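Undergrad: Before we start, here is the structure in question, set down as structure tokens.
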Amino acid sequence: MKLHTISINNLKRRKAKMAFLTIGLMVGIATIVTLVTLTRSMSRDIEAKMDEFGANILITPQSNGLAMNYGGISLGGVTFDQREILEEDLARIKTIRNNKNISAVSPKVLGGIKVDSHDVMLVGVNFDNELKMKQWWRIFGDAPKVENEVLLGSDASKVLNAGSGDNLLIKGEGFKVAGVLDQTGSQDDALVFASLPKAQKLLAKEGKITLVEVAALCSGCPIGDMVTQIAEKLPDAKVSAIQQVVEGRLKALDQFRRFSYAMAGVVVFIGSLIVFVTMMGSVNERTTEIGVFRAIGFRKSHIMRIILLEAALVSLLAGFLGYAAGMGGAGLALPFMAESKDAHLVWDMTVAFGSVGLALVLGILASLYPALHASRMDPTEALRAL
Amino acid sequence: MALIEISNLKKQYASGDETVEALRGIDIAIETGEFITIMGQSGSGKSTLLSVLGGMNHPSAGEVEMAGVKLYRLPGEKLADFRAENLGFVFQSFHLIPYLTAIENVMLPLAIVKTGSKAKRAAASQALERVGLGSKLERLPNQLSGGEQERVAIARAIVNNPHILLADEPTGNLDSKTSDEVMALFRELNAAGQTVVMVTHNPENGRYADRTIHLRDGMVV
Chain A
39 MKLHTISINN
49 LKRRKAKMAF
59 LTIGLMVGIA
69 TIVTLVTLTR
79 SMSRDIEAKM
89 DEFGANILIT
99 PQSNGLAMNY
109 GGISLGGVTF
119 DQREILEEDL
129 ARIKTIRNNK
139 NISAVSPKVL
149 GGIKVDSHDV
159 MLVGVNFDNE
169 LKMKQWWRIF
179 GDAPKVENEV
189 LLGSDASKVL
199 NAGSGDNLLI
209 KGEGFKVAGV
219 LDQTGSQDDA
229 LVFASLPKAQ
239 KLLAKEGKIT
249 LVEVAALCSG
259 CPIGDMVTQI
269 AEKLPDAKVS
279 AIQQVVEGRL
289 KALDQFRRFS
299 YAMAGVVVFI
309 GSLIVFVTMM
319 GSVNERTTEI
329 GVFRAIGFRK
339 SHIMRIILLE
349 AALVSLLAGF
359 LGYAAGMGGA
369 GLALPFMAES
379 KDAHLVWDMT
389 VAFGSVGLAL
399 VLGILASLYP
409 ALHASRMDPT
419 EALRAL
Chain B
1100 MALIEISNLK
1110 KQYASGDETV
1120 EALRGIDIAI
1130 ETGEFITIMG
1140 QSGSGKSTLL
1150 SVLGGMNHPS
1160 AGEVEMAGVK
1170 LYRLPGEKLA
1180 DFRAENLGFV
1190 FQSFHLIPYL
1200 TAIENVMLPL
1210 AIVKTGSKAK
1220 RAAASQALER
1230 VGLGSKLERL
1240 PNQLSGGEQE
1250 RVAIARAIVN
1260 NPHILLADEP
1270 TGNLDSKTSD
1280 EVMALFRELN
1290 AAGQTVVMVT
1300 HNPENGRYAD
1310 RTIHLRDGMV
1320 V
């Protein structure tokens, strides 16, 4: 017989009351787990999408130029004092402090060129990086693998009347069309893509880069900071962040997160109240019992230990059940809440331990006053008979 | 020196605007091994006297000295420790813990004692055997008769070998036959050296005692 024997036996006897207490706290914990897990899973989903959405930092040469376009109609531009990015400078991008957040660096060289008898825009790219960045590209045929292969945008393919496997003549040199892009609805449709070194040679821009697209992983990555860091490394370049729709979504998610936490706070408060009221009721119900304990020599601290141990045991159970129920709830809700169908539930040990820990802390805190109240009971009044 | 010395004991309660004098200067000495019954009408102060004697009710004035210790001068929770080590209580309504078996109820005072589980169980088992319930160790209180519950309460009171056994109307809820059996048990314990102080309103119980103290209006008469 030890003090915990009393606590455990009491819990076993008052099954209904303890079940009510457990459920009260469990609902609170489950709500928190569901909301936290949903928010995390949705963040992960959107972050994954953001990577798919391509570049979010653009590096262009510094120039004192003014763009002359409005409503999609371009009239060219007034550009003077044009500087250029050198290929050898690109290595410096990877030396920034947040280099771990860089997913891909895709340098490009652009220039107008005659293909057969048509004027087209030739873009030199590193196909490995480009394909990683533009995961939405669908290619009929293959991506170019050797220097004398090109990839055509859907409109370019129509204008040049060339498809996968056909040959084109560019500046007197023969090129094979490795593949044709499915329509993207973007400027890519009108372009002819070649490997970077080949395009540089054709455009007479060896070692030079027109622009660099950088894809940064957004999990905890401060795009603004990265822009500053890259600008410091490349003082002759203009570095700008591409504002994407996804950022708006992240903001919405942040609002959802805040709302979730506020809601979780309210539920936790209600859960704590349930624990408090139930424990207080239980203590008052056990007045005589506590009087007996005090009469036979239990100290106030012994009484508190009995009550708090009961609270701790119930809270632990509520924590485990709440975590399981919360993850179950999140699993059921995620398909309705997340944008993509393949969004995965984030299983995080921090949430598991956190929910059990939180249940324990809440249960004990809410039972502190009832336990103190019990320990301060006057044994004579508690027993009345004496 | 007597085992218990009570001198000029007074206890006042505030009841609304009035002050009730439950005990008005009581002097009693009880020797080791005595069997004392305290009798008196309702409101005579006998239960108050027992609670003061049991270290649970601070007197308004006077002194209670037990085994050389001035009870109400003990600091902090030392009074609780004193109760645990020196006193055994038997309550009128038994006050057994309903979710503990007979042997667990008897082991209750040992829950705060640093002894091995086996030793605690052996002591509780022995106490239950002394009161004739050696075969009902694992019964819950609601599986026992009133007399048996009283015996479990007595076993719980003696399991820690207290200096003094305090009992408040132990036969108040029992029929006369069971009352006699319980009183005989108290007598038996007393014969084995146990000091017993019992509050009762039943004059019949007085015949088991060495001495009866009569109270009226908070004073010994």
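Protein sequence lines correspond, in order, to chains A and B.
Each position in the first sequence, counted from 1, maps to that position plus 38 in our numbering.
Each position in the second sequence, counted from 1, maps to that position plus 1099 in our numbering.
Virtual Cβ for every residue (Gly too), placed ideally from N, Cα, C.
In this text, all values refer to a predicted model and were calculated from it rather than measured experimentally.
#1: Closest Cβ-Cβ distance between A/N445 and chain B: below 8 Å?
#2: Tell me the DSSP secondary structure of A/V147 in three-state form.
#3: Is B/P1174 close to chain A, meaning its C-beta is less than 8 Å from at least one C-beta of that chain?
#4: When burial is assigned at 16 or more other CB atoms within 10 Å of the CB, is A/F331 buried or exposed?
#5: Return the chain-ordered ranges of every alpha helix (DSSP H) run that is complete within the stretch 1159-1204 of chain B and spans a minimum of 4 residues.
#6: So, does the CB of A/F58 fall closer than 8 Å to a CB anywhere in chain B?
#7: When the Cα atoms are used, what is the spatial distance from A/V197 to A/A290?
#8: Starting from the C-beta of B/G1245, find all residues in its chain whose C-beta is less than 7 Å away, skip the five residues before and the five after it, and write them out in chain order.
#9: List the residues that DSSP assigns as beta-bridge partners of B/M1282.
#10: For A/Q223, which option in A/V304, A/R176, A/V399 has the closest C-alpha, if you only look at C-alpha atoms?
#11: Taking the C-alpha atoms as reference points, what is the distance between A/G401 and A/P417?
#12: Shortest alpha-carbon distance to B/M1138 belongs to which of B/A1266, B/A1290, B/V1281, B/E1280?
#13: Hey, is the stretch 350-365 of chain A in contact with the stretch 397-415 of chain A, meaning 3+ C-beta pairs nearer than 8 Å?
#14: Decide if A/F178 is buried, meaning its Cβ has at least 16 other Cβ atoms within 10 Å, or exposed.
#15: Is the shortest distance between the beta-carbon of B/G1215 and the beta-carbons of chain A less than 8 Å?
#16: Relative to chain B, which residues along the stretch 298-326 of chain A have a C-beta separation below 8 Å, given in chain order?
#17: Using a cut-off of 8 Å between C-beta atoms, extract the partners of B/A1308 located in chain A.
#18: Note down, in chain order, all residues in the stretch 1196-1208 of chain B with a beta-carbon under 8 Å from any beta-carbon belonging to chain A.
#19: What are the boundary residues of the beta strand (DSSP E) that includes B/Q1248?
#20: List the endpoints of the continuous beta strand (DSSP E) containing A/M171.
#21: Once you ignore the five residues that flank B/N1289 on each side, which residues in its own chain have a CB closer than 6 Å to its CB?
#22: For the alpha helix (DSSP H) containing A/E348, name the first residue and the last one.
#23: Hey, out of B/G1132, B/L1108, B/A1128, B/Q1111, whose CA is closest to B/H1262's CA?
#24: For a cutoff of 8 Å on Cβ pairs, would you count A/R51 as touching chain B?
#25: Compute the minimum distance between the beta carbon of B/G1132 and the heavy atoms of the ligand GTP, and state whether it is under 7 Å.
#26: A/G150: which of A/S79, A/L241, A/I312, A/G191 sits nearest, CA to CA?
#27: Could you tell me the alpha carbon to alpha carbon distance between A/S45 and B/I1196, rounded to whole angstroms?
#28: Name the residues in the stretch 338-356 of chain A whose C-beta lies less than 7 Å from a C-beta of chain B; which are they?
#29: Applying the 10 Å Cβ sphere with the 16-neighbour rule, what's the burial state of A/P184?
#30: Quick one: which chain B residues come within Cβ less than 9 Å of A/R332?
#31: Mind checking which residues open and close the alpha helix (DSSP H) that includes A/V399?
#32: Going by DSSP, what residues sit across from B/I1129 in a beta bridge?
#33: Buried or exposed for A/V65, please, with buried defined as at least 16 other CB atoms from any protein chain shown within 10 angstroms of its CB.
#34: Taking 8 Å as the threshold (C-beta atoms), are B/P1269 and B/Q1045 in contact?
#35: Using 8 Å for Cβ pairs, my map puts B/P1208 next to A/I334. What's the rounded Cβ distance?
TA: Looking at the atomic coordinates:
#1: Within the shown structure, residues of chain A are numbered from 39 to 424, placing residue 445 of chain A beyond reach of any answer.
#2: Under the three-state reduction of DSSP, A/V147 is assigned to strand.
#3: No, its Cβ sits nowhere closer than 8 Å to a Cβ of chain A.
#4: By the 10 Å Cβ count, A/F331 comes out buried.
#5: The stretch 1159-1204 of chain B contains these whole alpha helix (DSSP H) runs: 1177-1185.
#6: Output row for A/F58: interface = no.
#7: As the crow flies, the alpha-carbon of A/V197 is around 42 Å from that of A/A290.
#8: Within the same chain, N1272, L1273, T1277 come within 7 Å of B/G1245 by CB-CB distance, once the 5 residues on both sides are set aside.
#9: According to DSSP, which records beta bridges pairwise, B/M1282 is partnered with nothing at all.
#10: Strictly speaking, residue 223 of chain A in this sequence is Gly, with Gln absent from that position. When each option's Cα is compared against that of A/G223, the closest is A/R176.
#11: Here the C-alpha atom of A/G401 lies approximately 26 Å from the C-alpha atom of A/P417.
#12: Comparing Cα positions, the closest option is B/A1266.
#13: At 8 Å Cβ cutoff, the stretches touch.
#14: Exposed, since its Cβ has fewer than 16 Cβ neighbours within 10 Å.
#15: Taking 8 Å as the CB threshold, B/G1215 stays off the interface with chain A.
#16: Within the stretch 298-326 of chain A, the qualifying residues are T326.
#17: Simply none; closest approach about 19 Å.
#18: From the stretch 1196-1208 of chain B, only I1196, P1197, Y1198, L1199, E1203, M1206, L1207, P1208 have a Cβ closer than 8 Å to chain A.
#19: In the DSSP assignment, B/Q1248 falls outside any beta strand (DSSP E) and within the unbroken alpha helix (DSSP H) covering 1245-1257.
#20: Segment 165-171 is the alpha helix (DSSP H) holding A/M171; no beta strand (DSSP E) there.
#21: Closer than 6 Å at Cβ, skipping near neighbours: F1134, V1295.
#22: Membership of A/E348 in the alpha helix (DSSP H) is indicated by the continuous run 338-375.
#23: Considering only alpha carbons, the answer is B/G1132.
#24: Interface residue, yes.
#25: The ligand GTP is not among the ligands present in this structure, which contains no ligands whatsoever.
#26: Taking A/G150 as reference, the option from A/S79, A/L241, A/I312, A/G191 with the minimal CA-CA separation is A/L241.
#27: Computed Cα separation, rounded: 12 Å.
#28: Cβ contacts with chain B: K338, H340.
#29: Sequence check: residue 184 of chain A is Val here, not Pro. Label assigned to A/V184: exposed.
#30: Taking the beta carbon of A/R332 as reference, the chain B residues within 9 Å of it are M1155, A1179, R1182, listed in sequence order.
#31: Its alpha helix (DSSP H) spans residues 387-413.
#32: Per DSSP, B/I1103.
#33: So A/V65 counts as buried.
#34: The shown model of chain B, from 1100 to 1320, leaves out residue 1045 of chain B, and the question about it has no answer.
#35: Under the criterion of beta carbons closer than 8 Å, B/P1208 and A/I334 qualify as touching, at roughly 5 Å.
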